[in-house]
Amino acid sequence: MSSSQRLNTRLFSWSIEEIRHGQLWPVSIALTLIIACVFALSALAERMEQVIVKQGKDALTADSVFVSANPIPEPLLDLTQVNQLENSQLTRFSTMAFSDNGMQLVTVKAVDSSYPLRGEMLLESSSEQTNKVEAGELWLDERIFSQLDVNIGDIVTIGDADLAISGRIAQEPGLSFNPFQQMPSVLIHSSDIEKTGAIQPGSRVRFSLFLNGDESTLKNIQEQIELTPSDRWRTQDTASRTNEMFESTTQYLSLTVAIVVIMAATTLVLTCQHYVASRKKTIAMLKSLGASKQWIIKWLSVQVSLLVAIAAILGVGIGIGLETLLRIPLGDLLPSPLPSYGFEPALLAILSSILIGIPALGIPLFGLVNTSAISVIQSGHQSKEGMKKYLLLLVPILPMLGMYGSNSLVWIVLAGIAVLFLLLAFVSMGVLKVLSKLPVSTAMRLALSRINRTPLATGIQFGSLALSLMLLSIIWLVRSDLLSDWQQTLPENAPNAFALNIADYEKEEYLEVLDTNSIERSQAFPIIRGRLANINGVEAKEYVKDSGQTDALSRELNFTWGETLPEYNDVIEGQWTEQNGVSIESEVASELGLEIGDTLTFTINSQMFEADVNSIRKVEWREMKPNFYFIFTPDVLSSIPSTWLVSFRLEDTHNAMLSDLSRNHPTVSLMDIRKMGSKIQQLLQQIVWSITVLAALGVVAGLLLIFTLLRLSLSQRQQEIRLYRTLGASKKRILNTIWCEYGVMALVAGGIAALGAELSVAGVMNFGFELSPNAHPMLWVVLPALTFITLAGVVNSLIKRLLVPVNKDFG
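Under full-length UniProt numbering, the first residue of the sequence shown is numbered 1, with each subsequent residue one higher.
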């Protein structure tokens with residue numbers, strides 16, 4: 001073996017021993033944690049993206065949908081053919097369905113044999129199941145069988161066409177949650193539309209063209225088609241009600257990985273600083289014995305390379321297991337089979353740890369390498385170091401700007417961290433100075449004197465501890481606020497059935513049946529369809545033309561009236577009046593530029609009437625409750641004939657009653673969404689489990705940081721405590737001083753962390769998730785208390801070896 005090989009072998013052996021017995025194991029843990037978290041969360045984020053896309057496309061029943069009140073334009077059909085896109089058409093209209101035993105207003109969906117392009121449709125006949133509609137077939141919603149008193153094989157007249165019932169619609173794709181759009185449905189083939197004679201000039205018809213294709217081709221087609229006021233494109237971004245939860249979860253993934261990486265990076269910086277401080281004498285000794293700077297660089301490089309290699313292997317392995325754990329509750333939602341995520345998450349994780357590690361390790365090691373040999377005999381000697389080493393900070397910052405430049409959550413968190421440190425610089429030292437002037441015990445006076453002697457070190461120590469506490473709080477509080485918001489999507493006691501088209505003469509009887517069976521229900525709302533025509537005497541479309549088009553002007557709306565507003569609508573401006581008033585949903589008021597006192601003119605069945613805006617309401621549309629853009633005082637609309645709507649909650653024990661109710665009121669349209677609600681509840685539980693696991697991961701990273709902080713802090717006290725013991729100070733006096741010092745640290749850092757967490761969470765929820773922030777008063781009590789308990793546990797585990805006198809230590 002050559003001398004260079006022997007030297008390399010020795011370097012490797014010495015490096016292994018340095019890692020095993022030195023101060024580098026926390027560095028390895030921090031690097032491992034960064035790699036594991038980035039790998040697991042980036043891989044899971046890719047899975048979540050697949051879920052979002054799948055949910056959106058399934059809800060659309062295609063990649064993209066063109067919807068219009070007019071027949072599909074020929075240029076669009078030509079582009080579809082030229083680009084060879086998979087396509088399907090649906091024509092939707094309302095007409096009467098007749099049988100020998102009754103009649104019913106139904107929504108006819110005329111589709112071709114390719115429908116649906118995505119999602120699942122299940123049609124059940126007497127002998128088989130299918131998912132396609134063929135010419136001459138008629139498939140009925142389950143409700144229509146009882147309403148028309150018919151069976152499979154009977155003849156039903158749809159408009160002018162007599163069709164035999166082929167079977168029942170067991171499942172439709174892309175089902176909407178809007179109860180007003182859930183009239184009983186029938187499916188026929190598009191070739192049978194002409195037979196019905198139901199589409200005449202002036203008929204209300206909706207034409208839909210479903211397209212499947214790659215994103216760029218679809219986007220190119222959308223740009224080439226000029227839309228009329230009755231045309232619009234629907235994309236997966238707006239199709240699914242559940243997309244919002246998935247997107248929030250993906251944002252939470254980004255937030256959590258950023259916070260975990262920040263905490264792990266802070267741990268990395270602190271441990272590296274401590275390692276450098278503990279190894280300066282060793283490097284000075286080696287230099288005094290003739291070791292060159294190049295040899296020391298090589299020796300340290302071997303150690304760092306070993307650390308990165310160990311962290312990469314352990315981190316990727318742990319990351320694979322963590323990603324699997326996080327994916328378990330989402331198993332039913334993810335595509336099957338799952339596509340491989342390849343090497344990208346591993347490369348991203350290792351690269352992220354290297355980018356973070358370069359300044360974290362490089363800056364302190366740069367100073368260590370430049371340690372002078374004279375430091376062996378002059379411990380206070382300072383080597384001359386330039387500022388070039390701080391250019392290493394740009395290594396992670398520049399890629400971060402490129403990756404998170406548009407991610408407001410990350411920058412909100414970073415801004416919160418900066419604000420927290422500024423607060424610490426003034427508040428913590430101010431509080432400590434105030435405490436030092438108070439009449440306190442001797443132990444507390446010694447503790448405060450010890451803290452105030454090194455204000456810069458104290459500020460850094462308090463800042464780091466409060467930072468870790470704040471980030472831990474952010475992870476958990478954002479989780480809690482998200483869950484609280486998601487529960488509003490479908491609370492456990494939410495209505496799961498809607499009855500509409502209830503006539504005046506049968507309303508009392510219908511409601512009495514519900515009340516007799518102790519069914520929890522909403523108030524009954526009268527429903528009248530109409531349009532907003534004028535605003536303050538100006539045509540509505542002209543009035544808002546500068547602010548763009550709004551959905552409230554492009555179609556007929558459902559109006560209602562009542563003595564009071566629904567209790568689940570919050571009035572944010574104005575006040576409900578008893579006469580000539582209308583309350584407006586806040587988003588519509590903003591889009592139309594409406595204010596309290598504005599006079600609005602509406603049309604209903606060619607009749608014109610006016611009302612003054614008396615209030616603006618905040619409406620939570622995700623709640624499964626009847627909600628409206630416009631609610632009028634009774635005097636405005638009560639004289640106009642209307643039908644009624646009521647929502648209620650059904651249990652399985654109500655099935656027989658529900659069947660009798662439908663038979664006794666065949667013209668009432670009943671929408672039962674129990675199966676759909678059950679699926680959403682299950683989805684919520686799965687997502688809750690996933691983000692709880694993520695939050696727990698953040699807690700692990702935070703605890704590692706806190707443990708490192710305390711360990712390093714106590715290590716810095718080692719020589720001082722041993723000197724006190726050698727000079728005769730009792731264990732009790734030293735223990736009291738230490739407990740006072742760390743008690744003050746817990747209270748001050750915990751209180752400031754609570755303030756920083758509240759401010760940061762408010763910013764995250766408001767700007768990152770576009771949700772109203774909540775106050776967390778218990779945080780101000782719980783966080784300092786938990787901090788003290790954590791500090792007590794760690795200090796108690798480490799303090800015994802520090803209370804050994806110097807003479808015994810060397811005896």
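We put the CB at the ideal spot given by N, CA and C, even for glycine.
Everything numeric in this text was worked out from a predicted model, so none of it was measured.
Continuous beta strand (DSSP E) stretch holding residue i: start and end
i      : result
Arg617 : 607-618
Asp570 : 570-574
Leu672 : Reading off the sequence shown, one finds Asp at residue 672, where the question assumed Leu. First-last of the beta strand (DSSP E) with Asp672: 669-672.
Ile152 : It is not in any beta strand (DSSP E) - Ile152 carries neither H nor E in the DSSP assignment.
Asn534 : 525-535
Ser68  : 64-68
Asn501 : 497-502
Glu124 : 122-124
Ile631 : 630-632
Identity of the residues DSSP links to residue i by a beta bridge
i      : result
Leu90  : Val111, Ser208
Thr157 : Phe98, Asp162
Glu585 : Arg617
Gln104 : Ala97
His189 : Val111
Thr235 : Ser64
Gln171 : Leu122
Buried or exposed (CB count within 10 angstroms, at least 16 for buried), residue i
i      : result
Leu446 : buried
Arg649 : buried
Ile283 : buried
Gly763 : buried
Leu227 : exposed
Arg453 : exposed
Ser639 : exposed
Asp515 : exposed
Ser42  : buried
Leu122 : exposed
Val795 : buried
Glu556 : exposed
Ser240 : Because the pLDDT at Ser240 is just 47, under 50, the model does not fix this residue reliably, and the value given afterwards should be weighed accordingly. Classification of Ser240: buried, given that the 10 Å Cβ count is 16 or more.
Residue i versus the options, residue with shortest Cα-Cα distance
i           : options                        : result
Ala503      : Glu215, Ala43, Ser113, Val646  : Val646
Ile152      : Ser127, Ser353, Asp160, Ala135 : Ser127
Glu567      : Ile528, Leu553, Ile535, Lys625 : Lys625
Ala605      : Leu532, Leu79, Ala611, Lys541  : According to the sequence displayed, residue 605 carries Asn and not Ala. Of the candidates Leu532, Leu79, Ala611, Lys541, the one whose C-alpha sits nearest the C-alpha of Asn605 is Leu532.
Val434      : Val748, Ser305, Gly319         : Val748
Asp78       : Asn131, Thr271, Ile221         : Ile221
Trp233      : Asp63, Ile616, Glu134, Ala277  : Asp63
Asn101      : Gln147, Arg118, Thr95, Phe93   : Gln147
residue 812 : Arg450, Leu218, Leu477, Phe602 : With the chain running from 1 to 811 in the structure shown, residue 812 is simply not present.
Glu223      : Thr196, Trp299, Leu76          : Leu76
Ile527      : Glu124, Thr560, Ala258, Glu512 : Thr560
Phe462      : Ala775, Ile738, Gly197, Met745 : Met745
Val304      : Ser185, Trp780, Leu31          : Leu31
Ile356      : Ile397, Lys437, Glu124, Leu727 : Ile397
Thr130      : Glu172, Met103, Ser449, Asp154 : Glu172
Leu565      : Val582, Glu556, Leu557         : Val582
Ile262      : Asp635, Ala415, Glu587         : Ala415
Ile188      : Phe632, Glu506, Phe93          : Phe93
Ala497      : Ser669, Gln273, Thr256         : Ser669
Ile34       : Thr267, Glu74, Arg118          : Thr267
Bounding residues of the alpha helix (DSSP H) (the contiguous stretch that carries residue i)
i      : result
Ile144 : 142-148
Gly362 : 344-369
Trp739 : 731-763
Gly430 : 429-436
Thr653 : From DSSP, Thr653 is part of no alpha helix (DSSP H); its letter is neither H nor E.
Thr599 : That residue, Thr599, is in no alpha helix (DSSP H); its beta strand (DSSP E) goes 599-604.
The ligand HEM heavy atom lying under 6 Å from the CB of residue i
i      : result
Thr790 : Questions concerning the ligand HEM fall outside what the structure shown contains, since it holds no ligand whatsoever.
**Report entry** Stretch pair the stretch 359-368 + the stretch 389-400: three plus CB contacts closer than 8 Å
**Finding:** Output reads yes: the stretch 389-400 touches the stretch 359-368.
Requested in this report: Could you tell me whether the stretch 203-215 touches the stretch 80-94, using the rule of 3 or more Cβ pairs below 8 Å?
Outcome: Touching, yes.
Requested in this report: Count the CB pairs spanning the stretch 654-664 and the stretch 140-147 that are closer than 8 Å, and state whether there are at least three.
Outcome: Yes, the stretch 654-664 is in contact with the stretch 140-147.
Query raised in the report: Should the stretch 749-758 be regarded as contacting the stretch 467-484, the criterion being three or more beta carbon pairs within less than 8 Å?
Result: Judged by Cβ distances under 8 Å, the stretch 749-758 makes contact with the stretch 467-484, as three or more pairs qualify.
Query - Stretch-stretch touch, CB-based, cutoff 8 Å, three pairs: the stretch 152-169 with the stretch 69-80 - result: The stretch 152-169 vs the stretch 69-80: no contact.
Query raised in the report: Between the stretch 568-583 and the stretch 532-544, do three or more beta carbon pairs fall short of 8 Å?
Result: They do not touch, by the three-pair rule.
Query - Touch test, the stretch 511-524 against the stretch 607-618, Cβ-Cβ under 8 Å, three pairs minimum - result: At 8 Å Cβ cutoff, the stretches do not touch.
Query raised in the report: Counting pairs of Cβ atoms below 8 Å between the stretch 343-361 and the stretch 298-317, do you hit three or more?
Result: Result yes; three or more Cβ-Cβ pairs closer than 8 Å.
Requested in this report: State whether the stretch 165-175 contacts the stretch 132-140, with contact taken as three or more CB pairs (one from each stretch) at a distance under 8 Å.
Outcome: The answer is yes - the stretch 132-140 touches the stretch 165-175, with three or more Cβ pairs under 8 Å.
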